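Structure record follows, encoded as structure tokens.
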Amino acid sequence: MPVVERNPLPRVALETRQALHDWLEANHTTHGGIWLVQWRPSTGRPAIAYDDIVEECLIFGWIDSTAQSFDDQRGGVRLTPRKPTSWWSAVNKKRLEKLQGRLQPAGIAAVEVAKANGSFYFLDDVEALIVPDDLDAALGNLRGVFEGFTPGRRKQALQWVKAAKRPSTRQQRIAKIVAAAQDGESVF
Numbered sequence: 634m635p636v637v638e639r640n641p642l643p644r645v646a647l648e649t650r651q652a653l654h655d656w657l658e659a660n661h662t663t664h665g666g667i668w669l670v671q672w673r674p675s676t677g678r679p680a681i682a683y684d685d686i687v688e689e690c691l692i693f694g695w696i697d698s699t700a701q702s703f704d705d706q707r708g709g710v711r712l713t714p715r716k717p718t719s720w721w722s723a724v725n726k727k728r729l730e731k732l733q734g735r736l737q738p739a740g741i742a743a744v745e746v747a748k749a750n751g752s753f754y755f756l757d758d759v760e761a762l763i764v765p766d767d768l769d770a771a772l773g774n775l776r777g778v779f780e781g782f783t784p785g786r787r788k789q790a791l792q793w794v795k796a797a798k799r800p801s802t803r804q805q806r807i808a809k810i811v812a813a814a815q816d817g818e819s820v821f
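Residues 634 to 821 (the numbering used here) make up the sequence shown, in order.
Pasting the structure below:
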């Protein structure tokens, strides 16, 4: 089922990394986002590699998010300016290292703002799979079960706990993780 957006973004069909770079260079300060339309591999038509899309977004302070299918030959990825409080993954931080010298002022500003407000570092303990004290205490002897979950599932659970805005929400999420561990299952 197609996604219904309240504020639909324009669809922009680009086939090369350079075309995306040029589009972002010309529009990154004036657009609130786009759906980057890409041909499916089965069509044999040119498409931009995912890593190239992400790198070009980082250069201009943008971010990729939702993927969507448009029809049997085309899909797309939503590209938007990065919000000042969006969290930075370890993968994107690694990409930044590779892009030094290529970042544009908007990309540099996005990094500086994130470092200043802490969102650049928000996921560091999650990425390192560090279990917070309250979750560790709640897991008790189930910690081994939790450690048996795949790293990806543990990251999801740890991020879910960390992202809770209210203490009551955090405790509810911890309780769900513990209950799932009691059943030998992951919440995700």
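The beta-carbon is built from N, C-alpha and C at its ideal position, and this holds for glycine as well. This structure is a prediction, so every number in the text was calculated from the model and none was measured.
Anticipated Cβ contact below 8 Å, residue i with residue j, distance rounded
i	j	result
Val820	Ile810	5 Å
Trp668	Arg644	5 Å
Contacts around residue i, its chain only, beta-carbon distance under 6 Å, and the 5 residues preceding and following it disregarded
i	result
Gln792	Val759
Ala743	Gly694 and Arg715
Gly751	none
Ala680	Gln671 and Trp672
Enclosing alpha helix (DSSP H) for residue i [first to last residue]
i	result
Ser801	Pro800 to Gln815
Val744	Pro738 to Asn750
Ala771	Asp766 to Leu772
Residues that residue i bridges to, as DSSP identifies them
i	result
Arg711	Trp668
Contact under 8 Å by Cβ, residue i with residue j
i	j	result
Leu822	Arg711	Within the shown structure, residues of the chain are numbered from 634 to 821, placing residue 822 beyond reach of any answer.
Gln706	Thr662	no
Leu762	Ala814	no
Leu756	Trp720	yes
Leu732	Glu688	yes
Element boundaries [beta strand (DSSP E), containing residue i]
i	result
Trp695	Trp695 to Ser702
Nonlocal neighbours in the same chain, by C-beta distance under 8 Å from residue i, ignoring five residues either side
i	result
Ala682	Arg650
Ala796	none
Contacts around residue i, its chain only, beta-carbon distance under 7 Å, and the 5 residues preceding and following it disregarded
i	result
Gly740	Leu691, Ile692, Phe693 and Gly694
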